[in-house]
Amino acid sequence: MIPLEILDDASKEKILTEWKGMSDSDKAHFINQVALVLSVWGSDEKGKASVIEVLRAMTTNGSDTLADFGLYIEKILGSSAARGIEDKIRRAAFIVDGYRIKNGLPSEPHKNLDF
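Per this note's numbering: the sequence shown = residues 1 to 115.
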């Protein structure tokens, strides 16, 4: 079980809202990227906590689709969740970058710029 309790309620709500508004294709890309990183990081508590840290980075940076997950992997380097798995984080980012290129996904996050 992913420790969602480490996310605040506003972040959880943002993630759920984003999920509900995503196309089936973007949902599949999100799931595939998370599966790829967990295959490198492991599906233990450390790997799952790292996924949550990526989600936290996404919600605080204004990304408006979970399909941008792969663009935020390296942003958790230096966090407590990354301690001890820095090389795995870099490897996962490299693998997911290849996935994103293969599937024609953007290299910049989708952001909602409200003025």
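All C-beta atoms, glycine included, are put in the ideal place defined by N, C-alpha and C.
Between the segment 20–38 and the segment 48–68, are three or more C-beta pairs nearer than 8 Å?
Contact holds: three or more Cβ-Cβ distances are below 8 Å.
In the DSSP output, what is Ser-50 paired with across the bridge?
For the purposes of this step, residue 50 is taken as the residue at position 50 of the sequence shown. DSSP output for Ser-50 lists no bridge partner at all.
Taking Tyr-99 as part of the alpha helix (DSSP H), name the residues at either end of that continuous run.
In the sequence shown, the residue the question calls residue 99 occupies position 99. Residues 86–102.
So the alpha helix (DSSP H) Ala-35 belongs to, where does it begin and stop?
Here residue 35 refers to the residue found at position 35 when the sequence shown is read from its first residue. It spans 24–41 - the alpha helix (DSSP H) in which Ala-35 sits, taken as one unbroken run.
Any idea if Phe-94 is buried or exposed, counting beta-carbon neighbours within 10 angstroms, 16 or more meaning buried?
The residue you call residue 94 lines up with position 94 of the sequence shown. Answer is exposed; the Cβ neighbour count stays below 16.
As assigned by DSSP and simplified to three states, the class of Asp-114:
Counted from its first residue, the sequence shown places residue 114 at position 114. With a pLDDT of only 49 at Asp-114, under 50, the local geometry of the prediction cannot be trusted, and the value read off the model is given with reservation. In the structure shown, Asp-114 sits in coil (DSSP, three-state: anything other than H, G, I, E or B).
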